[in-house]
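Just below is one structure, and these are the notes that go with it.
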Amino acid sequence: MIPNPFKRPAPHKQPLFTPSTLKLSEKVHWLARRGLIDPLAYVQRHVRGDWGEID
């Protein structure tokens with residue numbers, strides 16, 4: 387079987403880096419204020435190396 391050169395490694399359980407300042411875009415802030423999204427969940431995924439599907 388030929389290995390997939392585009393396969394990403396599994397995200398880490400521990401953070402890869404320590405985030406400092408977090409700035410939300412105006413639209414993300416609008417959604418968060420209304421309880422439609424939780425930006426912290428996305429930040430936590432990001433610092434563990436889970437960047438979703440990347441083309």
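So the number in the numbering used here is just where the residue sits in the sequence shown, counting from 1, plus 386. Glycine included, C-beta positions come from ideal geometry on N, C-alpha and C.
Contact between Val-429 and Leu-402 is ruled out by a C-beta separation of about 12 angstroms, above the 8 angstroms threshold. Collapsing the DSSP output to three states places Ala-396 in coil. According to the DSSP assignment, Pro-425 belongs to the alpha helix (DSSP H) that extends over 425 to 433.
Distances from the alpha-carbon of Leu-410 to those of Glu-439, Thr-404, Asp-424 and Gln-400 put Asp-424 closest.
Rounded to whole angstroms, the gap between the alpha carbons of Lys-413 and Thr-404 is 25 angstroms.
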